[in-house]
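With my numbering applied, the sequence shown closes on residue 732, and no number is skipped along the way. Glycine is no exception: its CB is placed at the ideal position from the N, C-alpha and C atoms. Fair warning: this is a prediction, and the values are worked out from it, not measured in the lab. In what follows, a structure is listed as structure tokens, so that the remarks can point back to it.
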Amino acid sequence: MNNKKVWFWLMVVSSVIYIGWRLFFTIPLKAGIVSFVAGVCLFSSELVSMLEAVIHYVCMSHDNEPELPVIPLESYPDVDILIATHSEDCDLLLKTVNGCNHMHYPDKSKIHIYLCDDGNRAEVGELAKTMGVGYFPLANNKLAKAGNLNNAIFKTHSPLIVTFDADMIPRSNFLMETVPYFFMPKMIKDNGVWRERREDEIDPDYKIGFIQTPQSFYNPDLFQFNFFAENSIPNEQDYFFREVNVGRNNSNSPIYAGSNTIISRQALEEVGGIRTHTITEDFATGMDIQERKYSCYAVKKVLASGLAPDDFPNLLRQRQRWGRGCVQTICSLSFFKSKLPFLTKLSYFATLLYWWTFLRRIVYIMSPILFSVFGVLVVDTDVKGILCIWLPSYLIYNHSLKVLSGKIRDQKWSNIVDTILCPYMLLPILAETFGVRMHNFSVTSKTKTTAKSAKLIYSIPHIILLIATIFGIYFTVEGMILYNGYFGVIVLFWLCMNSYFLMMSILFMLGRVNYRSSERFYADVEVYFERCGETVKAITTDISENGFAFKLDFPEFINGVCDFKLKDSEWSANVKGSIVHIARAGDKWKYSVKLEPLDMKDRCDYDQIVFDRFPTLASEIKTTAIKDLTIFFKRRNSTMVNSSRKLPRIFLNMDTVTSDGKAIKIVDYNYHYMAIEGEITEPRFCVKMDKQLIWVKKIKEGTMRADNLYELEDWQVVSASKGVRDTLKNIL
């Protein structure tokens, strides 16, 4: 039995014992109606939490990610790629269409790309024409995204359909890494080699409905961004798409997320297309396909990336729509009457329980406040019960979650995220649960936010709860001192944990301004440019759609607009750019380049280099509570220094002479100016730098460092010369 199974069963056994003890021995039956209601609410929250955890890990008990079959190249079928757009900017659509145009496939004529525009915009039609893809406009669409996609689905004919949101840029291997899965009913691996199944080996009931790849993001999500944790915590959605959804393969219940998905046309046609009259059409459509006995799979490999919401109101609208749509679909009569297998229904029921997390979070925050501040008994027990039942169960439960959840998410960050969202998710989820429907479809905005990502006003509920929690801590400590109450230690621990989560929520709401005009990828891409008749090669440190940075061993003189060629393992692009900043980086020189406007071909080539890669943000969690706070305050209080140094400042400290023999020292040099020390009275003289003679002149009085700073005459021509370059190479 492996380590995960041991901890899973320990969690199950300890949870059963704990829940039994809580139910039969700790509900405050004699302390009044308020205590009884509070006690039942807390017990119910604990019961649901443990039930959700058990169902979740039963579904994830085996790694059931399918192996990608190897199929003959001629077997790859036609594929329709549908990009749904409503009001997104054409620049955003260009990147997505460009990614689709660069997809690898044995026969590229079998790829059919369509922009599905229910905004019916002329500029989108023009973009489709320019990029050589199809265009399906739709005016007066009353059925939101479902109506937009259905309009295209019933006008196309390929056996496989890919759906992308407007911002989701596919990697070039998307089709090659997904299409073969649809051949699993016809292929089998025999002695390590894939072959076609014989007729007697084919199960006629085994058919593939859809393959869901992760929804990944190339910009930091709001939790990463506001906490300055881009390099220490993964995107908040990574845990679901790379672990939870893949684990749901065991119960044939992976969730269709609406994008980054490849679907069987036959399956879609059997269910009547994308389901309409629901606010989460993708979620409901996936269930419809699974009900028709199609096998559906989620895979871990990131094959497309898009934009995460970058402001709190937009994030809330997205989560409220997801939550209400899930509750609406699962609580409907059709779900309970559906022909979905029991384990599939159980898995979806666990999804419903997740959206009730926000109610449970409020209960967990309020319970110790009620006890410590208002004297409301929520758990009727003694120290022996705490030490013998609660403490072992708590330790086993939390360690089990740590072992079973992998390296993407931990309990601490789950609690922080839930605490941030709970005041704003509670009422919408409760309303939907009791039948108060949300009917309007809200499209998640993809427009970059230039203001703060959140505002302190959103933290008012958290501030109120934190103040109450601090009062609770005070009264608990006072009680422990006055009455020597050991039971207060547990309440104090509970209150301190809640205060940390509430404090982190308030820090989150302080927000942060994103000054970047585009997202940066850390990437090693070859860069080539000409210098004095010689091709210079460099390697990028990072790259974005507006520019890139590279490092050199030698401080080259690059002035004005320069031609660059970028090349990675698959793609190359020719661009023009100018240096906007140069800095020393250890023993190398880092050059930052801002691109000049590009024509369509160069733009597409360059974008492909930028976006055809795995996002370079954190993929594993690497934090502690202390580290979280240290990073936050250190980064938040740091001052951003803007430097406009566009020429390398080279420290020489070289003793030399002028042309008339006067001893001087060249302190530093940047191709335009020299800082010179020595007894010099002439305003203009010639400096001997190794074998090179350079004329310099005194700069005007009143200029910074005017006492020893000299300007090179005709500096642009002189600095661009091969002689100066060779001289510097000899010196350095």
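8 angstroms Cβ shell around residue i - same chain, five flanking residues per side excluded
i	result
proline 428	Gln320, Gly323, Arg324 and Met438
lysine 402	Asp410 and Gln411
isoleucine 233	Phe223, Gln224, Phe227, Trp413, Ala618, Ile621, Lys622 and Thr623
histidine 112	Asp78, Val79, Asp80, Ile81, Gly134, Thr156 and Ser158
N- and C-terminal bounds of the beta strand (DSSP E) containing residue i
i	result
tryptophan 589	588–595
serine 305	304–306
alanine 454	Neither: alanine 454 is in no beta strand (DSSP E) and is coded neither H nor E.
lysine 551	547–552
Continuous alpha helix (DSSP H) stretch holding residue i: start and end
i	result
lysine 345	342–355
glutamine 733	Residue 733 is absent from the structure shown; the chain starts at 1 and stops at 732.
valine 757	A query on residue 757 cannot be resolved here, the shown segment of the chain reaching from 1 to 732 and no further.
aspartate 726	722–731
arginine 22	3–25
leucine 492	487–509
leucine 333	333–337
valine 718	715–719
glycine 125	122–131
For residue i, three-class secondary structure by DSSP
i	result
glutamine 692	strand
asparagine 653	strand
valine 162	strand
proline 170	strand
valine 79	strand
alanine 523	coil
glycine 479	helix
threonine 156	coil
cysteine 532	coil
histidine 104	coil
phenylalanine 557	coil
histidine 581	strand
valine 687	strand
isoleucine 539	strand
threonine 658	strand
threonine 85	strand
leucine 465	helix
isoleucine 289	helix
isoleucine 111	strand
serine 544	strand
arginine 437	coil
aspartate 63	coil
asparagine 642	coil
Residues bridged to residue i [DSSP beta-bridge criterion]
i	result
phenylalanine 136	Cys116
serine 295	Ile208
glutamate 677	Lys665
tyrosine 710	Met674 and Lys698
tryptophan 194	Lys189
asparagine 574	Lys565
isoleucine 279	DSSP lists no partner for isoleucine 279.
Contact set for residue i: own chain, Cβ-Cβ below 6 angstroms, skip 5 residues either direction
i	result
glycine 479	Gly485 and Gly488
tyrosine 522	Asp542 and Thr616
leucine 377	Pro28, Ala31 and Ser35
lysine 565	Tyr528 and Asn574
valine 70	Trp194
asparagine 250	Cys59, His62 and Asn64
cysteine 562	Phe529
lysine 567	Glu526
arginine 684	Lys697
Contacting residues, own chain, Cβ-Cβ under 7 angstroms from residue i (five flanking each side not counted)
i	result
lysine 594	Asn546, Gly547, Gly577, Ser578 and Val580
serine 517	Asn546
alanine 128	Leu115, Gly134 and Tyr135
glutamate 270	Arg292
asparagine 226	Ser453, Ala454, Phe508, Gly511 and Arg512
valine 48	Leu353, Trp356 and Arg360
methionine 425	Arg319, Gln320, Gly323 and Phe358
aspartate 690	Thr727, Asn730 and Ile731
isoleucine 680	Lys662 and Ile664
threonine 276	Leu143, Ala146 and Gly147
Residue i at chain D interface by Cβ criterion, 8 angstroms
i	result
leucine 387	Chain labels in this structure do not include chain D; a single protein chain is all it has.
Any non-hydrogen atom of the ligand HEM closer than 7 angstroms to residue i Cβ
i	result
threonine 178	The ligand HEM is not among the ligands present in this structure, which contains no ligands whatsoever.
Can you list, in chain order, the stretches of the alpha helix (DSSP H) that have 4 or more residues and sit fully within the segment 588–638?
As summarised for the segment 588–638, the continuous alpha helix (DSSP H) elements at least 4 residues long and confined to that stretch are 600–611 and 625–636, given in chain order.
My parser needs the alpha helix (DSSP H) runs of 4 or more residues fully inside the segment 383–435; what are they?
Taking only runs of at least 4 residues, the alpha helix (DSSP H) segments lying wholly in the segment 383–435 are 391–404 and 411–433.
Kindly provide the ranges of any beta strand (DSSP E) runs that are 3 or more residues long and lie completely inside the segment 208–274, ordered along the chain.
If only uninterrupted beta strand (DSSP E) runs of at least 3 residues are considered, those enclosed by the segment 208–274 are 208–212 and 261–264.
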